[in-house]
Amino acid sequence: MINYKEKIAKILSDNIEEMDETELLNMIEIPPNSNMGDFAFPCFSLANIFRKAPNMIAQELKEKIVIDDTIDRIGTSGGYLNFFIDRKTFASNVLNEVISKKEKFASSSIGEGKTICIDFSAPNVAKPFHVGHLRSTVIGNSIYKINEFLGYNCVGINHLGDWGTQFGKIIVAYYSWGNKEEIEKSPISSLLALYVKFHDEAEVNPELEDEARDWFVKMENGDVEALSLWKWFSAETIKELKKVYKRLGIEFDYYTGESFYNDKMGVVTEELTSKGLLTENKGALIVDLDDHDMPPCLVQKTDGSTLYATRDLAAAFYRKNTFDFYKSLYVTDYSQRLHFAQVFKVIELMGHSWAGDNIHVPFGRVTHEGKRIQTRKGTVVLLDDVLKGAVERVKEIIEEKNPNLESKESIAEDVGIGAVIFNDLSNSRIKDVSFSWDTAFKFDGETGPYVQYTHARACSVLRRADVQIDLDYNPELLIDDVTVEVLKEIYEFPNAIKDAQIKSEPSIVTRRIIDVAQAFNRFYNEHQIIVEDEEVKKARLAVVLATKQVLSTGLYLLGIKAPERM
Ligand code: ARG
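Each residue of the sequence shown is one higher than the one before, starting from 0 at the first, in numbering that gives the first Met the number 0.
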C-alpha cells in the first residue's frame, strides 16, 4: 500500500532543504475535516527559517511542488498546506491490498526469528479465579495473537500459583471439612469454599494457622502425604481451568507454574552469593536495592523457604536459557509493579545484559458494578459465572430479536463471550475497568456485539449478492465522502496493529475496529449495495468484502469469534 505520509514527506523534503524527511514526516497532520485536505502540513515552524509569514510559505510551496497521480491537488488555508489525495488511486490501493492478501492483510514478518515470551493469566490454585484474572488472560492472549500476526515466535506461559502457604491451609481445611467428591465435581469453587472457611475459622481459632504452616513446611520437605494432596488439588484445578480457557478459545504453550521452579532456584541463589549480592538480614537473605530507591528484594525467608520473587528470578533465567527470548512479557495488574521492578533490577545487578528485555505489562483493576472485587471473603464474582451469565443474556436477546436464527446456542456463546472480552479490551489497559451487565451487551454503541453484528451484516450482504469479488471493480465509483471514510479507516488498520504490538496495547485494535464498523454502517445506510447496475454493485461489494476482512482479523487479534450470522 502506498504510504501517503511518507510520500508527502518526500515531496516536501525535495522542496525544503533545511529539514530532513523524518522531521517533516512527523509534522504532517490529519485535518479534522476533509475539506481541509486528507493531510496537512503546518508551515508555522518554517517562519523562522525562511523569515516569512507562514501563509506566504504555504503559498510558495504550493506553487513549487510537482505532484504525481496519487495526489489530486494541493491547497492552502492560513499557514497550512493541504494535500488532497486522488480518491480513485486511494480506493484501488486500499482495496487491492485487502482483497489480494485476504486474512493476511496487515500481517507482516518484522518479528521473524525473534521470540517473545508472554506470561499471562496465572491464577492461583485453591484461590479464586475471578473476573480480575480475566483481564490478564484476555490481554495476554491478545498480545500473543498480535505479536504472532507480525511474525514473532510467541511462547505463552501460564505461571500458575501452584505453590505456597495456601496449600497448607487447604490441607487443614480439607481434613476438617472437605469432601472428595465435591472437589472432583467442581474443584475451583469447592477449594475456594475451603479457603474461605479456613479464614473464618482461623479468626476464632488461630492455632489453625500454625497447623497450616506445618503442612506447608512438610510440602517443602517432600512429605509424601502432603505432596500427593497438593498434586491432586492442582491437577483437579487445572482440569477445570482448561475448560474455562477452552470456552474462551485460549491455549497456552506451557503450564509451568511456580512449583516448576522448585529445583531451579538453587543456581540463582548461588550466582547471587558468588557475585556478592546477597546480604543477611535477621536470618533472611535479601538483595539490597537501596541505591535504586527500592525496598530490598527478599530471596529467602528466615526459615529457609523461598518466595514469589525467588521463583520469578528462576523463571526469568529458565526462559532466557530455554527460549533465548527477544522480549519477555509479564501481564499482571499494576499492584505488582514494584515486584517486577525489583526482580528485573536484581538480574541487571547480576550483570546480565538481557535484564532490560524483561517487561512488565501492567493493567488496571476490575470493579464489578462499581464495587471492588474481594478475593478472600464476600463478593467474589467467579469468571465462570460471568461467562454463563453473559451467554444467558445473549440468548434472551436472540429470543427477542431473532428467534428463528439457526445454531442459536453457538452464536450466543460466541457473542456472550465476545462481549465480555471486548468490554475488557475497550480501554487502555492501565485504566481500571468497571464491569457492568448492562453496558457490556449492548448491540449498539462501542461493544463487541456491535462489531460482531456489523461483521455478520457484511457477511449477509455478500451471501445475498452471491458474486465472486476480485480486482476487476471500478474504483472511480468509490470516491464519495462516506465511502472514502470507510477506506480511510481500513487504510489505518495495519498501522494500528503495529502500534498495538509496540505498546502491548490491544485497545488500539479495539478502537480501530469500532471506527471501521461505524464508518461501514454509515456507508451501509447511505448506499444501497445490491443494485441493478452491475458495475456499481461490484464496486460497493468490494468495500463490503474489505470491511468484513478487517473486522474478522481485528476480532481474531482480540481473541473474539466472528460469527457469520447473528
Ligand atoms: N499468580 C499471580 C497472581 O495471581 C500472577 C503471576 C504472574 N506471573 C509471574 N511470573 N509472577 O497474582
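Every residue gets a Cβ at the ideal spot worked out from N, C-alpha and C, and that includes glycine.
Your pair leucine 550 and alanine 561 checks out as a contact, with CB atoms roughly 7 Å apart and the cut at 8 Å. A contact between stretches requires three or more CB pairs, one per stretch, nearer than 8 Å, and the stretch 322-331 meets this requirement with the stretch 117-130. Under DSSP, arginine 336 forms no beta bridge with any residue. A residue is called buried when at least 16 other Cβ atoms come within 10 angstroms of its Cβ; asparagine 422 meets this threshold and is buried. For glutamate 445, the secondary structure class from DSSP, reduced to helix, strand or coil, is coil.
Beta-bridge partners of asparagine 280 (DSSP): Ala283.
The stretch 173-182 makes no contact with the stretch 258-275; the number of CB pairs closer than 8 Å stays below 3. Excluding the 5 residues flanking it on each side, isoleucine 489 has same chain C-beta neighbours closer than 8 Å at Val93, Val97, Val515, Ala545, Thr546, Val549, in chain order. Taken through DSSP and simplified to helix, strand or coil, isoleucine 56 comes out as helix. Annotated three-state conformation of serine 258 is helix, per DSSP.
The C-beta distance from isoleucine 529 to alanine 464 rounds to 5 Å, short enough to fall under 8 Å. For aspartate 311, the uninterrupted alpha helix (DSSP H) segment begins and ends at 307-322. Taking the Cα of threonine 75 as reference, the smallest distance to any Cα among Val223, Thr301, Phe40, Lys101 is reached at Phe40. Taking the Cβ of alanine 121 as the reference point, at least one heavy atom of the ligand ARG falls within a distance shorter than 7 Å. Apart from the 5 residues on each side of it in sequence, aspartate 302 sits with its Cβ closer than 8 Å to the Cβ of Val216 in its chain, given in chain order. The alpha-carbon separation between glutamate 504 and tryptophan 353 amounts to approximately 23 Å. For arginine 539, DSSP records no beta bridge to any residue. Setting aside the 5 residues that flank it on each side, alanine 57 is surrounded in the same chain by Cys42, Thr75, Gly78, Tyr79, Leu80, each with a C-beta closer than 7 Å to its C-beta; the list follows chain order.
Taking all protein chains shown into account, alanine 234 has fewer than 16 neighbouring C-beta atoms within 10 Å of its C-beta and is therefore exposed. The beta-carbon separation of phenylalanine 83 and isoleucine 70, rounded to 7 Å, stays under the 8 Å limit for a contact. Valine 543 places its beta carbon less than 8 Å from that of valine 460.
Residue pairing by DSSP places lysine 326 opposite Ile115 in a beta bridge. In the DSSP assignment, leucine 297 falls within the beta strand (DSSP E) that extends over 296-299.
For histidine 129, the distance from the CB to the nearest heavy atom of the ligand ARG is not below 7 Å. If you check the CB distance, glycine 388 and valine 432 do not come in under 8 Å.
Across the structure, alanine 315 and isoleucine 559 are spaced so that their CA atoms are roughly 30 Å apart. Distances from the alpha-carbon of threonine 309 to those of Tyr317, Arg318, Val298, Lys319 put Val298 closest.
Considered as a whole, the stretch 141-219 harbours 164-176, 179-184, 186-203, 206-219 as its complete alpha helix (DSSP H) runs of no fewer than 4 residues, in chain order. Using a Cβ distance threshold of 8 Å, threonine 453 and asparagine 520 count as a contacting pair. Relative to the ligand ARG, histidine 198 has its C-beta separated by 7 Å or more from all heavy atoms. Membership of isoleucine 429 in any alpha helix (DSSP H) is not indicated, and neither H nor E is assigned to it by DSSP. With respect to glycine 167, arginine 212 sits close: the two C-beta atoms are nearer than 8 Å. Boundaries of the alpha helix (DSSP H) harbouring threonine 21: 20-26, taken from the DSSP string. Look at aspartate 252: its beta carbon is at least 7 Å from all of the heavy atoms in the ligand ARG. Distances between the C-beta of alanine 314 and the heavy atoms of the ligand ARG include at least one below 7 Å.
The Cβ neighbour count for histidine 129, taken over all protein chains shown within 10 Å, is at least 16; the residue is labelled buried.
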